[in-house]
Amino acid sequence: MKATPLSNCERRFLLRAIQEKKRLDGRQCYDYRNIRVSFGADRGCCIVELGRTRVLAQVSCELVPPKPSRPTEGVLFFNLELSPMAAPGLEPGRQSELLVSLNRLLERCLRDSKCIETESLCVVAGEKVWQIRLDMHLLNHDGNITDAASIAGIVALCHFRRPDVSVQGEEVTVYTPEERDPVPLSIHHMPICVSFAFFHQGTYLLVDPTEREERVMDGLLVIAMNKHHEICTIQSSGVVMLLPDQILRCSKITAVKVAEITELIQKALENDQKARKEGGKFGFAESIPNQRITTFKMESAAVDTNDVEEQAGEIIAKADPPSEVFASPVVHTPGTAQIGEGIESSWGDLEESEKEEAAEEEGESEAAAFECEKVETEDTSTLKETKSDEPIVLSDSEEEEVVILEPQELPRKTRTQTSIKQENPSKKAFNKRRRKKRTSR
Amino acid sequence: MAAMAMERGTAAEALVGQVVLPGDLLLLPAHYDEDAEGERLRLSAGTAPQGRLLCGPGLRRSGAGLLVTKCGLLRHRPGGGGAYWVDSQQKRYVPVKGDHVIGIVTAKAGDVFRLDVGGSEPASLSYLAFEGATKRNRPNVQVGDLIYGQFVVANKDMEPEMVCIDSSGKSSGMGIIGQDGFLFKVSLGLIRKLLAPKCEIIQELSQLYPFELVLGMNGRIWVKAKTVQQTLIIVNILEACEYMTAEQRKQALAKLSGN
Amino acid sequence: MAAAFKTVEPLEYYRRFLKENCRPDGRELGEFRTTTVNIGSITTADGSALVKLGNTTVICGVKAELAPPAVDSANKGYIVPNVELPSLCAERFRSGPPGEEAQAASQFIADVIENSQMIVKEDLCIANGKLAWVLYCDIICLDYDGNLLDASVFALLAALKNVQLPLVTINEETGLSEVNLKQKNPLIIRKHPVATSFAIFDDTLLIVDPTAEEEDLATGTVTIVTDEEGRLCSVHKPGGSPLTGAKLQDCITRAITRHKEVKKLIDKVIKSITPK
Amino acid sequence: MAVEMEVADGQCRLRPFSCELGLLSRPDGSAAFLQGDTSVLAGLYGPAEAKISKELPDRAALEVLLRPKVGLPGVLERSREQLLRQTCEAVLLGVLHPRTAISLVLQVLSDAGSLLSCCLNAACMALLDAGLPLAALFCGVTYALQPDGAILLDPTARQEQEARAVLTFAIASSDRKVLMATTKGSCSVEEMQQCLAAAQRAASTIFQFYRDSVRRRYSKN
Amino acid sequence: MPLDHRRLCGPEESQPPALWAAAAAEDEEDEEGAGAAPRDPCALRPLFARAGLLSQAQGSAYVELGSGTKVLCAAWGPREAAEPGPGRLICEFRRAPFAGRGARGRPGAAAEREAEREAAAALREALEPAVRLGRYPRARLAVSALLLQDGGSALAAAISAAALALADAGVEMYDLAVGCALCRPPAPAASWMLQPAEPEERRAAARLTLALLPALNQVSAVLGGGRGGPPEDWAQALRLGLDGCHRQYPVLRQSLLRAAQRRDAAAATAAAAAATSA
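Residue numbers (our numbering), protein chains in the order written: chain C, 1 to 441; chain S, 1001 to 1259; chain E, 2001 to 2276; chain B, 3001 to 3221; chain R, 4001 to 4278.
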């Protein structure tokens, strides 16, 4: 799928609008788009919508042996996928440059910031630790994947609960949710990325660029920060010519945005927690915006299955009963058998014992010719080789293919060779001869 | 089985203006039944009696009736034998001969331009298919420019071909679209609505302030007003029309003109 | 003439035959091709079988290895089936890792094993939580002339019937496992699933055991797997032309007959190599 | 408990269904489909330009991708993609768009049982939303056979686990025929036919749900 | 997580049972060793060859050696290729996962792929001089070999089979290529041995595979290595190997003739059938 090209007039208009401090969606330069967080029924699952950009995140866990270098620490694994549904031009399984850099940035934001305590994920030092896996999927790309993914990632991590475990001696017991309440991860702080797009050689900057704005921007600056105003990651890309005070300005804006977003996240987490605790409804079904005309819901509906048994019985009764007549197998040689007659196959059919005699006889008559062929070779060595084929007899009724490697059990077929012995292969999968229907002509 | 299929069928007239789904069978008045087959043949042969029914987008002939192949609202135009078609809210454009569309130039290749029109393959447009163009006097077209043109060839088996002149060699409004202004995309359903004669939305908008507007059947809209701000307002209103009722739209417009 | 007609209008060519209730290769609509099985031909495998359905040829080799059971199923061994469609079996297959068709076939075989319980994974466990058998069942198509699934299921069954596992004991003192390669036992095969595939022609006609050509022209396929008790181990209809329940029942009826044929065949071939 | 009562009634229940159409801005068609807590998101692009290697001369080349929520797609996903693709192909009038590509991507959002039927429903809704020409609709229905032999409609993950067999069908809207069938576990012929007959009944309810969803969507035109 | 997601995977690690039966395994090897001792070093193994057995491939051949080696080959060509210049021969060599003794081969694993690629390259070396590639400009010829069971001398068998398959496909060739393998046992002063079996190959001090174009009497490929020996020693090996190739040639030729006859007969039958039906 090819992406639609950007026309010259769009490019010019967008840049002019930015100069006039106008944005397509009516935002101010430093405005973030609306953020919506919804949780799945599973723990550690959320969808974050940043305007029309949408990211799904899911956290999962598994008991694994720790890394040898860090025997008392859990393992963290992060992965963002750009699903081909997110935009035309994204292909499955392709590690584009964009994807690699996004993953590296998220890794730095979530792992290097040490926001998750990995020591608490150790079960048995050097033997078993929890591996926490965070999968993120971009579902719709309308710009600023970084921020959306970083929010989705941290929300999913906060929402996640791993099974409780206990260790007694060597025995590790993993409890089901019914036995013991699952435990949350211990998260020290929540780093959140805020992206700034730069235009006109760094003169203008926009927070949270949309996809179209990204297509005309010169460069991007991403700052990850937590609500304690600690910068966790800072990274620029593209052509960014920044003055020191611009970076300072950006970090101040970041602090404000991070505070807002953190509050929003916490509220969303609390609401979900409350719904779960009070036995209310939760999960994606609850977060579907009912008022929209594009959504529709149906309550649990009954399906009448009263007489399906009769209906099924009728179908079976009407069908013909299974035929009692069927072909009986013919065993050719030990280990090889066949059912069905007839159709020639180019692999040749396997031997049929009754015909062996015929083969034998013909073989005899050909023996002389065959030996001639082999004379020289047999002179030079005790050649154990046997012929692969019968020489040319084109009798139309019976033409066969013969087989050199006869099993020991059938010594009569060793024919002129005297030396065939131990190397006989034990089976005859490929000993074959062509059999024609004699009746055919 | 045939009986079952019949049971599903509903008289076409009864469903006009209603939502139909693929697989629905529309029954036509009985007198169409006998000669349903070979419909097209006779049409082209010109021997068909008047009152031949036209079967438009989203519908197929199926025995005596019509089979719906797209979801949307069933439309009917009386007159002659009448015409039925399905109006659907689709985003992806499929070129149709005679459609006026906005294309983006993606390449110049020999004597033709390649244009992205949002279909499954690029359309071609000859250098000479502009008003007044000759071998010497070629139009000044750059990659990335917008062109408003019309399909002269568009079918499923051939590469679509566009021109910017009508049959008399005049541009009649087609050609390169100005360098200013803004391009955006809406659903094909909305475009059809906007292009309908006496479209309320356009009429209401035109009372706000003057602006230029080009509507492509491929869902692309180019708009240019005096200022960036004014252009943006038009863009936002048109985009919002996708899901607004007339009532909501009037309220929004009133708010704007109040400002 | 006939050859040219076949090339230009293959579908019409087939229809002419099907109208007369027969197929270009002389079979009736409900007739299988010659089925041949040969077991034990690969001596480097712990069990093997070569199955031919007409031209279609499939070989299955089983290798048995030892591994600790998975944490969440401490009393179970593993069965790992994989179907390969190497580039030599037909022109359309590329070399390299398995494509969609091979992967779908692998999953189908895995489902048949699981659904039929032909081998109970608990039987493969040697010491709870410590040691279990891993049966790698590699099914390779050597010549693809249609109906891969039937041939593969049969080859798998025949190869598993052919498997001889050495005796493994756990030495109580040392806690180590000991393998006695001299003493071998066959696997316990609890069920004998047999697959029967059909191609759907022109949305209505069902023909059994389709060739590659027939599969190409068909508008869909159905595979029914039954066991010796006539239970359904798989009803696999991967899309294609819609069918009624009654048509599906016809397929099942044919599959039950086919099961009897194949079961007899496998019993006979196993008997032929069993030392008396 | 509730389940037993339903069986006693001779009735089976679908879990609450919801669906949102056109929720993604980039794809040409999109739909989220929820059955209870199971949910699948579908996005569709096309008919678009096909890669030459994938181009088909006489019809559109349909590609279906199924993305699991955790990890990369594997053999199971590949085999389900084949089921889904061939089901879609059976109703899609691909001959109307030769040499083009249609790409349908399904993302699992939550698997709480009957996932394959939810995938089928999401796929069909996305096809509808994209406005592709279809000869008919299809819907997915999953039945579980409980150890006591009773049949259970639209089972949850736990019910699937406890079941003796799980059968999933894709039913076409024309004549309620079977487009796709796949089974897990083993069952008798009678049981299979019962589930099929019941699935055909359930299909009517689901198609009505489709119709109501689309009606609501077009309610403001 | 570099897991193979295109195949069904079992446990991350598993061992063949023979590992746990160390004592027993040695016994077995000894037996084999003893059995091999009286083998005549110049003896060839029984050879079975058959051409034209696959229905889907344009050309095909199957070669089986008495030691248990089984190779199946298919050939296609010519097919249109994008790149200009003379025709290209694409060779593929695959080992069935169950082809070897001991642990199952892991298809797709790096080591496995590397070994297969090396064998494929050797195959191409051996075959290219035999094929009239100049006759197929802008075209591709393809040969795939599948080793079903490795009983030693596998590459040599694959070379013979691949040449047969190409010839069977009707590809224009100067000559057939015949492969032959040799090895030198580890014992000091041991002489080279023709067509080693798998255990012999495994223990060998030096190995050599060569391909001969018998009609032209030209060697098309030599691949060997191991503990060094004097040049005369290797020359001796070469002579022995060439002799081995020459001795195999009639059998291979015969199988091709057979295949051609069979094809003619089938065509005649088909023609007759068409005639009667008409």
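Built from N, CA and C at the ideal position, the CB exists for glycine as well.
Through-space distance from residue j to residue i, alpha-carbon basis
i, j, result
"V3141/B", "L1194/S", "41 Å"
"A17/C", "V1228/S", "6 Å"
"R4050/R", "N2162/E", "26 Å"
"V2262/E", "L4164/R", "35 Å"
"K281/C", "Q3200/B", "30 Å"
"K2268/E", "V2051/E", "15 Å"
"G1103/S", "G1173/S", "15 Å"
"F3017/B", "A337/C", "54 Å"
"E399/C", "R4263/R", "Legend: pLDDT at E399/C = 33, less than 50; position of this residue unreliable, value from coordinates given subsequently. Straight-line Cα distance between these residues: approximately 12 Å."
"A4187/R", "S2106/E", "46 Å"
"G2099/E", "K3177/B", "30 Å"
"K421/C", "H2236/E", "A caution first: K421/C carries a pLDDT of 35, below 50, which makes its placement in the model unreliable, though a value can still be read off. When rounded, the distance between both Cα atoms is 49 Å."
"V2168/E", "T2174/E", "14 Å"
"E2114/E", "G313/C", "28 Å"
"I1221/S", "M298/C", "37 Å"
"Q3082/B", "E170/C", "45 Å"
"F2017/E", "S328/C", "27 Å"
Below-8 Å beta-carbon distance, residue i vs any chain E residue
i, result
"T3142/B", "no"
"R3085/B", "yes"
"P4199/R", "no"
Under 8 Å from the C-beta of residue i: neighbouring residues of chain E
i, result
"G313/C", "The premise fails here: G313/C is roughly 11 Å from chain E at the closest Cβ pair, so nothing lies under 8 Å."
Cutoff 8 Å: residue i Cβ touching any chain S Cβ
i, result
"A3211/B", "A quick correction: the sequence has Arg, not Ala, at residue 3211/B. With 8 Å as the cut-off, R3211/B counts as an interface residue toward chain S."
"A319/C", "no"
Any C-beta of chain B under 8 Å from that of residue i
i, result
"L2232/E", "yes"
"D2123/E", "no"
Residues that residue i contacts on chain C, provided the C-beta gap is smaller than 9 Å
i, result
"Q1142/S", "N8"
"G3022/B", "T294"
Under 9 Å by beta carbon: chain S residues contacting residue i
i, result
"S3103/B", "Near S3103/B there are no residues of chain S at all, since even the closest Cβ is about 12 Å away, more than 9 Å."
"S3173/B", "R1008, L1021, P1022, G1023, D1024"
Chain-ordered chain B contacts of residue i [CB-CB under 7 Å]
i, result
"V2037/E", "What V2037/E touches in chain B: nothing, since even the nearest Cβ is about 24 Å away."
Contact test: residue i Cβ vs the ligand NAD heavy atom, cutoff 7 Å
i, result
"E4200/R", "Because no ligand of any kind appears in the structure shown, any question about the ligand NAD cannot be addressed here."
Residue-chain proximity (residue i, chain C), Cβ-Cβ < 8 Å
i, result
"S3053/B", "no"
"N1218/S", "no"
Under 7 Å by beta carbon: chain S residues contacting residue i
i, result
"E3049/B", "S1120, E1121"
Residue i: contacting residues in chain C (beta-carbon distance under 7 Å)
i, result
"I1104/S", "P5, S7"
Interface partners of residue i on chain C, CB under 8 Å
i, result
"V2269/E", "P329, V331, G335, T336, A337"
Output the residue ranges of the beta strand (DSSP E) runs that lie fully inside the stretch 113 to 143 of chain C and measure 3 residues or longer, sorted by chain position.
122 to 124, 128 to 140
Pull out every residue of the stretch 3064 to 3078 of chain B whose Cβ sits closer than 8 Å to any Cβ of chain R, in chain order.
G3071, L3072, P3073, G3074, V3075, R3078
Length-filtered (4 minimum) alpha helix (DSSP H) runs lying within the stretch 2115 to 2181 of chain E
2148 to 2162
What are the uninterrupted segments assigned as alpha helix (DSSP H) that are 4 or more residues long and contained completely in the stretch 3131 to 3193 of chain B, given in chain order?
3157 to 3162
Can you give, in chain order, each stretch of the alpha helix (DSSP H) that sits fully within the stretch 4109 to 4177 of chain R and has at least 4 residues?
4110 to 4127, 4154 to 4168
Relative to chain B, which residues along the stretch 291 to 315 of chain C have a C-beta separation below 8 Å, given in chain order?
R292, I293, T294, T295, F296, K297, M298, E299, S300, A301, A302, V303, D304, T305, N306, V308, E309, Q311, A312, G313, I315
Note down, in chain order, all residues in the stretch 3172 to 3191 of chain B with a beta-carbon under 9 Å from any beta-carbon belonging to chain E.
A3172, S3174, D3175, R3176, K3177, V3178, L3179, M3180, A3181, T3182, T3183, K3184, G3185, S3186, C3187, S3188, V3189, E3191
Taking a cut of 8 Å between CB atoms, which residues from the stretch 2246 to 2260 of chain E lie near chain B?
L2248, Q2249, I2252
Unbroken stretches of the beta strand (DSSP E), 3 residues or longer, contained in the stretch 1094 to 1156 of chain S:
1100 to 1109, 1112 to 1116, 1123 to 1126, 1146 to 1153
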